[in-house]
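Counting from 2, one number per residue, gives the positions in the sequence shown under this note's numbering.
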Amino acid sequence: MIRIGVSGAAGRMGRTVIETAADREDVAVVVAIDDADAEMVAEKPVHDPADVPALLATHEPDAMVDFSVPAATASLADACGEAGVPLVTGTTGLTDDQRAALEAISEDVPVLKAANFARGIQALLETVRAAASALPGYDTELTETHHNGKQDAPSGTAETILDALAEERDFEETYGREGIQPREDGEVGVHVRRAGDVRGEHEIMFAGNDEVLTLTHRAEDRGVFAAGALDAAVWIDGRDQGFYTFGDVIEG
Ligand code: NAD
Numbered sequence: 002m003i004r005i006g007v008s009g010a011a012g013r014m015g016r017t018v019i020e021t022a023a024d025r026e027d028v029a030v031v032v033a034i035d036d037a038d039a040e041m042v043a044e045k046p047v048h049d050p051a052d053v054p055a056l057l058a059t060h061e062p063d064a065m066v067d068f069s070v071p072a073a074t075a076s077l078a079d080a081c082g083e084a085g086v087p088l089v090t091g092t093t094g095l096t097d098d099q100r101a102a103l104e105a106i107s108e109d110v111p112v113l114k115a116a117n118f119a120r121g122i123q124a125l126l127e128t129v130r131a132a133a134s135a136l137p138g139y140d141t142e143l144t145e146t147h148h149n150g151k152q153d154a155p156s157g158t159a160e161t162i163l164d165a166l167a168e169e170r171d172f173e174e175t176y177g178r179e180g181i182q183p184r185e186d187g188e189v190g191v192h193v194r195r196a197g198d199v200r201g202e203h204e205i206m207f208a209g210n211d212e213v214l215t216l217t218h219r220a221e222d223r224g225v226f227a228a229g230a231l232d233a234a235v236w237i238d239g240r241d242q243g244f245y246t247f248g249d250v251i252e253g
């Protein structure tokens with residue numbers, strides 16, 4: 002059994018990670034951290050992020066699992082680097098500097114960053130590459146939908162899908178359309194919807210003149226992300242320093 006800390010513990014994902022861990026025998030949550038006023042989450046006391054270095058020293062987690070906000074991820078990364086604690090983060094919307102901070106500490110500790118911990122998304126990425134390669138002239142449009150509390154847009158997963166597409170073709174992204182704005186050759190339209198409590202839906206469409214291929218992934222419960230993040234925490238235990246992805250976990 003590995004001992005993990007959870008940052009962003011009082012949030013939608015942090016709470017789900019703690020609840021999911023409680024049902025598993027390979028992980029135990031030894032420290033929960035959040036900026037919110039919550040005193041307890043899923044029977045775990047919630048600690049102030051101002052105390053992260055001391056909390057890491059006291060509780061000695063084998064890894065930190067982070068679903069918080071970008072600024073918190075960057076300072077947690079610094080603390081993990083100092084304390085020699087591996088970091089698994091699912092937080093999205095990081096600036097280039099915050100991303101660079103994660104890469105910098107990966108010279109000292111293992112760091113795993115994933116915009117999406119659902120295994121189906123890894124299969125979707127492979128399928129997107131295959132479809133883009135097989136259908137080079139087809140118009141391509143990406144639509145993502147998330148709950149109304151999501152901060153960043155488009156989603157980190159949408160950006161990951163665009164990165165996969167960019168491995169197969171050159172394109173310009175167009176974010177939504179308004180007024181007189183016909184489709185241009187070589188553009189990929191990116192469309193963002195925020196509504197209700199949708200866990201996360203990504204659809205990529207390839208359209209030729211007489212046919213349409215649509216690939217859709219829908220997360221139906223946050224537990225799918227939590228399970229993937231916990232699998233990543235188990236996987237990262239004992240790894241060398243370096244920067245890893247969820248694809249590395251799936252490859253084994
Ligand atoms: P949320 O707003 O419900 O939770 C974020 C939590 O972070 C809040 O409880 C907030 O109080 C806390 N926080 C703020 N400052 C903090 C600090 N300094 N230290 C610790 N905690 C702090 O958001 P959410 O829906 O749980 O999503 C969190 C992040 O995870 C977002 O970036 C989201 O896009 C991402 N996400 C990733 C995946 C994935 O599979 N990678 C899946 C779902 C969500």
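The beta-carbon is built from N, C-alpha and C at its ideal position, and this holds for glycine as well.
Review point. Can the beta-carbon of residue 251 be found less than 8 Å from the beta-carbon of residue 87?
Key: no
Point to revise | heavy atom of the ligand NAD below 7 Å from residue 70 C-beta | key: yes
Review point. Near residue 15, what residues of its chain come up, given a Cβ to Cβ distance below 6 Å and the 5 sequence neighbours on each side ignored?
Key: 7, 9, 68
Review point. From residue 114 to residue 83, what distance separates their C-alpha atoms?
Key: 18 Å
Check your understanding: Going by alpha carbons, who is nearest to residue 218 out of 50, 92, 117?
Key -> 117
Check your understanding: What are the boundary residues of the alpha helix (DSSP H) that includes residue 157?
Key -> 157-167
**Study point:** Bridge partners - residue 65, DSSP secondary structure assignment
**Key:** 6, 88
Point to revise | Those residues which DSSP pairs with residue 194 across a bridge | key: 146
Check your understanding: Would the C-beta of residue 50 count as close to the ligand NAD, meaning under 7 Å from any of its heavy atoms?
Key -> yes
Check your understanding: Does the stretch 220-228 come within contact of the stretch 13-28, defined as at least 3 CB pairs closer than 8 Å?
Key -> yes
Check your understanding: Which residue comes first and which comes last in the alpha helix (DSSP H) that contains residue 129?
Key -> 120-135
Review point. Any chance the stretch 121-137 sits against the stretch 171-186, with 3 or more Cβ pairs inside 8 Å?
Key: no
Practice item. Round the Cβ separation of residue 159 and residue 143 to the nearest angstrom and send it over; I've been treating them as touching at under 8 Å. Key: 6 Å
**Study point:** 8 Å Cβ cutoff met for residue 234 and residue 89
**Key:** yes
Exercise for review: Pull up the CB-CB distance for residue 107 and residue 244, whole angstroms please, since I reckon it's below 8 Å.
Suggested key: 4 Å
Check your understanding: What's the call for residue 156, buried or exposed, on a 16-neighbour Cβ count within 10 Å?
Key -> buried
Check your understanding: Within 7 Å: the Cβ of residue 9 and any heavy atom of the ligand NAD?
Key -> yes
Exercise for review: Please classify residue 27: is it buried, with 16 or more other beta-carbons within 10 angstroms of its beta-carbon, or exposed?
Suggested key: exposed
Practice item. Could you tell me how far apart the beta carbons of residue 103 and residue 112 are, in whole angstroms, since I believe they sit closer than 8 Å? Key: 5 Å
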